[in-house]
Amino acid sequence: MVAWRSLPQEFRLRLRFLHAADLHLDTPFRGLARHEPDLAGVLRDASLDAFDTLVDTALREKVTFCVFAGDIYDGVSRGVRAQLRFRDGLARLSQAGVASFVVHGNHDPTDGWSSIDSWPDLVHHFGPHRVGSRPVVCDGRTVATVSGISFATRHEDRNLAAMFPPVEGPGLHVALLHTHLRGVAGGSDHGRYAAAGPDDLTNAGYHYWALGHIHTRSTIPLGAGTMAVYPGNLQGRGFRSSETGPKGVVIVEFDPDAPQQLRPGDVSFRACDRVRFETVTLDCGGSEGVTMDLLADRLTEAAARSPEDRLRIIRGTVVGGGPVHDLLAPPGRLEELTEALRDRARRAADHLHWDRVEDLTAAGIDIAALREGDDIVSDLVSMVDHRVASPDPIAGLPLPEPPPSLRALKPAGEAAADRDLIITARDLALEILLDRFR
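Quick note on my numbering: the sequence shown kicks off at 1446 and runs consecutively.
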């Protein structure tokens, strides 16, 4: 048992801890860095800089302890730079009397390589063989207990949540775990490692399940006085819906004398990301007199809404039907629009970069009228309607396997992106059919 720092008087009733997951330290951003060399340096350091901000946040918020719910590193090889930065950050926390508890997940299982022989005081790594528990002791009394277990290998198929023993002792009980919790938003983007159901989290009496693995931030109430939380990843890594928007950690405030009173309102988000990925959508349906300059103006306006001092990488999408479809149809037109937007951002010294602009516009086709027909065109519309309404719109389709160089960039399994792709394919097919046969 280790006695952590004595608590200042103002923090004796309400304590705080920091919950982070999926740091993916030193993630390479290979696709973007290769295609955008001007961004390579910022992207290369983004995850490490975000971790430095995490440590600053923990110290500024005066947390008592931190929990890290797996995927600290981006791969089993881990990398010396990532390991040293993580160790140095935990040393800063330890020197301030802040304890750190760590489990490992599918990207950094315990059978991976490590260059670190020893860790700072007040740092505890949970092993893979059984659930361990460590008390958080302040002023001679236990205010919390953190229990956790790590992945033994990358493809962990045990139900680790079901291995947590019933809680014992006073204070807040935190369960620390990297897992795929069935039914949680954003779960389709991630492998179903160490899968568990909500029932597995409600039987042992833990007040707070500090989870990692799913990159979409969410709070899952599990009944009175207990909840599960995914804080999301620390640094966004692309344009999947689970990677866009603010990324960071959550701060949890609790009363050690009444842990059963913990509520979702006690969990608050703190942004730590160095680079933020965002999407903007411009609907030009039915608009007359649309020009390339007007499109650039509207996209610039849609993107210019954040005063924060961080790099924003933006992907634009133009939707709608009518004249805008013909405007964007010529080869090279989207590339010209993207370059114009980048030039505007450079001249305005904005902290943003345009990744690209996508065209999801459609010709002036009356889909509702086509549904009423009785021919190959109406059959096509009906088939696509059925696909788009499905939870998994590409299930059973004989899709080609992308080349290895593109697999990391493909938003596989993301239903919203799959629906957009199917609708775009439908509209292209309809243009051809209507042009030839009507």
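We put the beta carbon where it would ideally sit given N, CA and C, even for glycine.
Residue i versus residue j: straight-line alpha-carbon distance, rounded
i: Thr1885; j: Glu1803; result: Nothing can be reported for residue 1885, as the shown portion of the chain is limited to 1446 through 1883.
i: Pro1775; j: Phe1722; result: 28 Å
i: Leu1779; j: Ser1713; result: 40 Å
i: Ala1703; j: Phe1609; result: 22 Å
i: Thr1590; j: Arg1682; result: 33 Å
i: Leu1739; j: Glu1781; result: 14 Å
i: Arg1852; j: Val1581; result: Only weak support exists for where Arg1852 lies, its pLDDT of 37 falling under 50; the coordinates are left without a value.
i: His1618; j: His1660; result: 24 Å
i: Met1665; j: Met1672; result: In the sequence as displayed, the identity of residue 1665 is Ile instead of Met. Answer to the nearest angstrom: the Cα atoms are 6 Å apart.
i: Ser1578; j: Ala1466; result: 19 Å
i: Leu1463; j: Gly1524; result: 25 Å
i: Val1822; j: Met1737; result: 32 Å
i: Asp1795; j: Ile1812; result: 40 Å
i: Pro1482; j: Asp1490; result: 14 Å
i: Gly1690; j: Ala1716; result: 10 Å
i: Arg1791; j: Ala1785; result: 10 Å
i: Thr1724; j: Asp1566; result: 42 Å
i: Glu1753; j: Asp1718; result: 11 Å
i: Asp1728; j: Arg1662; result: 28 Å
i: Gly1657; j: Asp1494; result: 20 Å
i: Arg1787; j: Asp1711; result: 41 Å
i: Arg1537; j: Leu1622; result: 24 Å
Cβ neighbours of residue i in the same chain (closer than 6 Å, five flanking residues each side left out)
i: Val1447; result: Model confidence at Val1447 stands at a pLDDT of 49, short of 50, so the residue's coordinates are unreliable; what they give is reported in the following sentence. Answer for Val1447: no residue qualifies.
i: Leu1875; result: Ile1810
i: Gly1761; result: Val1725, Leu1744 and Val1802
i: Pro1856; result: For Pro1856, the predicted model reports a pLDDT of 44, less than 50, meaning its position is unreliable; a value from the coordinates is still stated below. Around Pro1856: Arg1685 and Ala1862.
Residues near residue i in its chain [Cβ-Cβ closer than 8 Å; skip 5 each side]
i: Gly1766; result: Gly1730, Gly1731, Thr1806, Ala1807, Ala1808, Gly1809 and Ile1810
i: Ala1670; result: The residue you asked about is not Ala; residue 1670 is Gly in the sequence shown. Contacts found: His1652, Pro1704, Gln1705, Gln1706 and Leu1707.
i: Pro1554; result: Val1521, Pro1573, Ser1595, Phe1596, Ala1597, Thr1598, Arg1599 and Glu1601
Assigned secondary structure, residue i (DSSP; H/G/I helix, E/B strand, else coil)
i: His1796; result: coil
i: Arg1599; result: coil
i: Ala1655; result: strand
i: Arg1715; result: strand
i: Pro1676; result: coil
i: Ala1465; result: strand
i: Leu1646; result: helix
i: Ile1594; result: coil
i: Asp1804; result: strand
i: Ala1607; result: helix
i: Glu1876; result: helix
i: Arg1662; result: coil
Residue environment, residue i, which counts as buried when at least 16 other CB atoms sit within 10 Å
i: Gly1668; result: exposed
i: Arg1755; result: buried
i: Ile1868; result: buried
i: Ser1595; result: buried
i: Asn1648; result: exposed
i: Ile1758; result: buried
i: Pro1849; result: In this prediction, Pro1849 has a pLDDT of 40, which is less than 50 and means its spatial position is unreliable; what the coordinates show is noted afterwards. By the neighbour-count rule (16 or more Cβ atoms within 10 Å), Pro1849 is not buried but exposed.
i: Asp1519; result: buried
i: Asp1584; result: exposed
i: Ile1877; result: exposed
i: Glu1601; result: buried
i: His1798; result: buried
i: Leu1879; result: exposed
Residues near residue i by beta carbon distance below 7 Å, same chain, minus five either side
i: Pro1701; result: Leu1460, Val1588, Ala1589, Gly1616 and Leu1617
Any non-hydrogen atom of the ligand ADP within 7 Å of residue i CB
i: Asn1604; result: This structure lacks the ligand ADP, and indeed carries no ligand of any kind.
Between the stretch 1546-1553 and the stretch 1561-1579, do at least 3 Cβ pairs fall closer than 8 Å? yes
Check whether the stretch 1605-1612 and the stretch 1525-1535 touch, using three or more Cβ-Cβ pairs below 8 Å as the test. no
Taking contact to mean at least 3 C-beta pairs separated by less than 8 Å, is the stretch 1612-1628 in contact with the stretch 1536-1545? no
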